[in-house]
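What follows is a short report on a single structure.
Protein chains: 2
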Amino acid sequence: MKTQETIGANFKRAKILVIEDNEDHWILIENAMYHCLSEVTTVWAKTPDQAMDFLNDWSIQEWEMPKLILLDLYMPAREHGWFLLKQIKAMPAPCSQIPIVVLSASDHPADIADAYQRGGSSYMVKPTTIAEWLAYFQELRNYWWETVTLPPMRFSV
Amino acid sequence: MKTQETIGANFKRAKILVIEDNEDHWILIENAMYHCLSEVTTVWAKTPDQAMDFLNDWSIQEWEMPKLILLDLYMPAREHGWFLLKQIKAMPAPCSQIPIVVLSASDHPADIADAYQRGGSSYMVKPTTIAEWLAYFQELRNYWWETVTLPPMRFSV
Chain A
2 MKTQETIGAN FKRAKILVIE DNEDHWILIE NAMYHCLSEV TTVWAKTPDQ
52 AMDFLNDWSI QEWEMPKLIL LDLYMPAREH GWFLLKQIKA MPAPCSQIPI
102 VVLSASDHPA DIADAYQRGG SSYMVKPTTI AEWLAYFQEL RNYWWETVTL
152 PPMRFSV
Chain B
2 MKTQETIGAN FKRAKILVIE DNEDHWILIE NAMYHCLSEV TTVWAKTPDQ
52 AMDFLNDWSI QEWEMPKLIL LDLYMPAREH GWFLLKQIKA MPAPCSQIPI
102 VVLSASDHPA DIADAYQRGG SSYMVKPTTI AEWLAYFQEL RNYWWETVTL
152 PPMRFSV
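If you're matching them up, the sequences are chains A and B in order.
Start counting the first sequence at 2; every next residue gets the next number (our numbering).
Start counting the second sequence at 2; every next residue gets the next number (our numbering).
Structure follows, in structure tokens:
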């Protein structure tokens, strides 16, 4: 669909930050990343504080920034997810440019509406079977890595 | 991948707003929508003013809002695209919640970075062949309609 060069740019030194406080879900995500996006380095933050530590460290050291963030919402309350989303969007570029996909077990309309209102790029309701987790991550690959052009992470250019 | 009920919610009275000043590109988009997303009503705005008129009218009349916006950037200058993006994001909910996919011929890194910085959900570089346009729209269907949960448009609930 895209030229090899453009696809190459998405994959080049690509990293994804997964912010997830549920260890069982993290294992499912890690497995799905291994099968569907093995070229991309996955970094796991178990708490909002840990996520901010990673992003701040990478910013200060001008390291490769993640090209996509997967954000759980209830950590443990949704206010923690919203606060983290706000913090990341308020960081200096290129951090503020990273698309954030909210991945939550909640299918409550208010959560979905709020995620888009607060700058989430899209909202995915967590699936229930391993096959569905794999299908979700195959679709993340097809869309974000093979169709969309991800933001250039300036530090690493 | 998702339950029939959730997929049904994405497709229910679904409308997409395509903001595109190039009539040739609009014909390609209309054709791709017909083949890949025929359940979704496509509304074409040829200028930023026309796009704002549509959105304002739908808001005032509490009509169904579009579930996704495809935004060309250079209309004719990119400043017109940025200004429109800012205007839409500043509208009251649910308008401000509609994900905006920037679809532009430009593959300039500054345009891509700016689109994410200014609240675009993702950035797609316009393809060159009809087959590629179809593949792009099939992917828009797979991701936004069949995987992601789109924002609930409150007026129509």
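Here a beta-carbon is modelled for each residue, glycine too, at the ideal position from N, C-alpha and C.
Buried versus exposed, by CB contacts within 10 Å (16 or more), residue i
i	result
ALA132 of chain B	exposed
PHE138 of chain A	buried
SER39 of chain A	exposed
VAL158 of chain A	With a pLDDT of 41 at VAL158 of chain A, under the threshold of 50, the predicted position of this residue should be treated as unreliable, though the coordinate-derived value follows. Counting Cβ neighbours within 10 Å, VAL158 of chain A comes out exposed, since fewer than 16 surround it.
GLY121 of chain A	buried
ARG14 of chain B	exposed
ILE113 of chain B	buried
THR150 of chain B	buried
ALA52 of chain B	buried
ILE89 of chain A	buried
In DSSP terms, what residue i is bridged to
i	result
VAL44 of chain A	A:LEU18
SER105 of chain B	B:VAL126
ILE61 of chain A	Note: ILE61 of chain A sits in no beta bridge, so no partner.
LEU69 of chain B	B:ILE17
When the options are compared against residue i, the one with the closest alpha-carbon
i	options	result
ALA46 of chain B	B:CYS37, B:HIS36, B:ASN57	B:ASN57
LEU141 of chain B	B:ALA94, B:LEU85, B:PRO100	B:PRO100
ILE30 of chain B	B:SER105, B:SER123, B:TRP64	B:SER105
PRO49 of chain B	B:LYS90, B:LEU85, B:MET125, B:GLY120	B:LEU85
MET34 of chain B	B:PRO110, B:GLN51, B:LYS16	B:LYS16
VAL19 of chain A	A:PRO93, A:LEU69, A:TRP64, A:PRO110	A:LEU69
PRO152 of chain B	A:ASP108, A:LEU135, A:ALA52, A:HIS81	A:ASP108
LYS127 of chain A	A:VAL103, A:ALA111, A:GLU147, A:GLY121	A:VAL103
MET66 of chain B	B:ALA94, B:GLY9, B:LYS87	B:ALA94
GLU147 of chain A	B:LEU71, B:MET125, B:THR129, B:THR130	B:MET125
LEU135 of chain A	A:ASN11, A:HIS36, A:LEU71, A:PHE12	A:HIS36
ARG79 of chain A	A:TRP64, A:ALA91, A:ASP115	A:ASP115
SER123 of chain A	A:TRP27, A:LEU74, A:GLU63, A:ASP25	A:LEU74
Distance between beta carbons of residue j and residue i, contact taken as under 8 Å
i	j	result
SER97 of chain B	GLN118 of chain A	6 Å
CYS82 of chain A	LEU72 of chain A	The question names Cys, but residue 82 of chain A in the sequence shown is Gly. Between LEU72 of chain A and GLY82 of chain A the Cβ distance is about 6 Å, and since that is below 8 Å, they are a contact.
PHE55 of chain B	VAL44 of chain B	6 Å
Cutoff 8 Å: residue i Cβ touching any chain D Cβ
i	result
TYR35 of chain B	Judged by its chain identifiers, the structure shown contains no chain D, and its protein chains are A and B.
- Contacting positions in the region 94–116 of chain A - beta carbon closer than 9 Å to chain B: Under the 9 Å Cβ criterion, the region 94–116 of chain A contributes ALA94, PRO95, SER97, GLN98, ILE99, PRO100, VAL102, ASP108, PRO110, ALA111, ILE113, ALA114, ASP115, ALA116.
- Query: Name the residues in the region 63–88 of chain B whose C-beta lies less than 8 Å from a C-beta of chain A; which are they?
  - Reply: Within the region 63–88 of chain B, no residue qualifies.
- Which of the residues in the region 121–132 of chain A, read from start to end, lie with their CB under 8 Å from any CB of chain B? Correct list: SER122, SER123, TYR124, MET125, VAL126, PRO128.
- Message: What are the residues in the region 134–155 of chain A lying within 7 Å of chain B by C-beta distance?
- Response: Residues passing the 7 Å Cβ filter: ALA136, TYR137, GLU140, ASN143, TYR144, THR148, VAL149, THR150, PRO152, PRO153.
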